[in-house]
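Have a look at the structure below, then the notes.
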């Protein structure tokens, strides 16, 4: 478990899957982790395109209470850059996914530039021009050992977590605070079970553990997240006409590409 406590879900996924770690999953689990840590937050607003039309409820993403104190990893900036530029910005969920896709760009370049340079992955992957040009991710001996540790921990969690959630929610919560967003990578995880660790229990835990820096206070923020909605928004963003090398840099704030769901007149930000 110790290794999982030091890695983000994107880093864990890369060690586990290497070449099979798709950009969609890397971005999705990164986004879920940021919600879990209250770096980002879901909010809702009702609107009507026309007075005669039925009222719609839209999902927006806003800055969470931990954004200012959070030390963002480079691969997380694809989602966080707009909020660091403006703490009060509000972005439609589907538009933020598109911004993330555009800012990430090419999968292999994104991994090489923003993930393999992470301290958590140092020494775990073979580096060099042959691997880069062949587009291959290969583990070193250290990386293979890390993968074995992660796989073992995940198998243990798959067996033990459901029982903990049913019978010892407090211990399950402590585990969640330890491994944070890596909990989403547990095989066959039942999200309905995770939701049984409710906000009241979390608040009680935080009151008892004064001075405990969980990095994950109030984990209810991810409850409204729908994995399928991220996938459909990812597909839309991927086919929006803004290619991976079109100038949508990860530090470009909320600019995105004009007309592709950034902040350039598409109604995605306010």
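Residue numbers (my numbering): 31 to 300.
Note that the Cβ used here is the ideal one computed from N, Cα and C, for glycine as well.
Let me check understanding here. Comparing Cα to Cα, which of the options lies closest to residue i?
i: residue 39; options: 207, 58, 85 and 88; result: 58
i: residue 91; options: 64, 102 and 48; result: 64
i: residue 266; options: 127, 74, 85 and 62; result: 127
i: residue 96; options: 115, 83 and 66; result: 66
i: residue 188; options: 170, 167, 220 and 173; result: 220
i: residue 261; options: 54, 48 and 37; result: 54
i: residue 105; options: 173, 264, 56 and 197; result: 56
i: residue 153; options: 198, 76, 174 and 125; result: 174
i: residue 217; options: 190, 83, 172 and 149; result: 190
i: residue 165; options: 206, 181, 140 and 171; result: 140
i: residue 263; options: 52, 31, 115 and 131; result: 131
i: residue 306; options: 115, 107 and 83; result: Nothing can be reported for residue 306: it is not among the residues displayed for the chain, which extend from 31 to 300.
i: residue 31; options: 192, 193 and 181; result: 181
If you draw a straight line from the C-alpha of residue i to the C-alpha of residue j, how long is it?
i: residue 147; j: residue 155; result: 10 Å
i: residue 117; j: residue 215; result: 30 Å
i: residue 274; j: residue 129; result: Below a pLDDT of 50, predicted positions are generally treated as unreliable, and residue 274, at 36, falls in that range; the measurement from the model is reported next regardless. Rounded to whole angstroms, residue 274 to residue 129 spans 11 Å at the Cα level.
i: residue 35; j: residue 85; result: 43 Å
i: residue 223; j: residue 158; result: 43 Å
i: residue 204; j: residue 109; result: 27 Å
i: residue 87; j: residue 68; result: 22 Å
i: residue 186; j: residue 79; result: 50 Å
i: residue 169; j: residue 81; result: 58 Å
i: residue 100; j: residue 75; result: 26 Å
i: residue 183; j: residue 77; result: 45 Å
i: residue 291; j: residue 125; result: Residue placement at residue 291 is flagged as unreliable, the pLDDT there being 35, under the threshold of 50; a coordinate-derived value is accordingly withheld.
i: residue 41; j: residue 98; result: 23 Å
i: residue 259; j: residue 44; result: 23 Å
i: residue 200; j: residue 103; result: 29 Å
i: residue 73; j: residue 114; result: 18 Å
i: residue 247; j: residue 50; result: With a pLDDT of 41 at residue 247, under the threshold of 50, the modelled position of this residue cannot be trusted; read the value that follows with caution. Answer to the nearest angstrom: the Cα atoms are 32 Å apart.
i: residue 172; j: residue 83; result: 59 Å
i: residue 193; j: residue 176; result: 26 Å
i: residue 207; j: residue 52; result: 26 Å
Is the separation between the beta-carbon of residue i and that of residue j shorter than 8 Å?
i: residue 178; j: residue 33; result: no
i: residue 202; j: residue 195; result: yes
i: residue 71; j: residue 94; result: yes
i: residue 123; j: residue 89; result: yes
i: residue 151; j: residue 145; result: yes
i: residue 48; j: residue 167; result: yes
i: residue 37; j: residue 197; result: no
Determine, for residue i, whether the minimum Cβ-Cβ distance to residues of chain B falls below 8 Å.
i: residue 103; result: Among the protein chains of the structure shown there is no chain B, as only one such chain exists.
My understanding is that residue i touches residue j, with C-beta atoms under 8 Å, so please give their C-beta distance in whole angstroms.
i: residue 111; j: residue 142; result: Not a contact, Cβ separation roughly 19 Å.
Where in the segment 131 to 166 do unbroken runs of the beta strand (DSSP E), each at least 3 residues long, occur, reported from the N-terminal end onward? Within the segment 131 to 166, no complete beta strand (DSSP E) segment of 3 residues or longer occurs.
Any alpha helix (DSSP H) of 4 or more consecutive residues that is wholly inside the segment 84 to 131: Whole alpha helix (DSSP H) segments, 4+ residues: 107 to 115.
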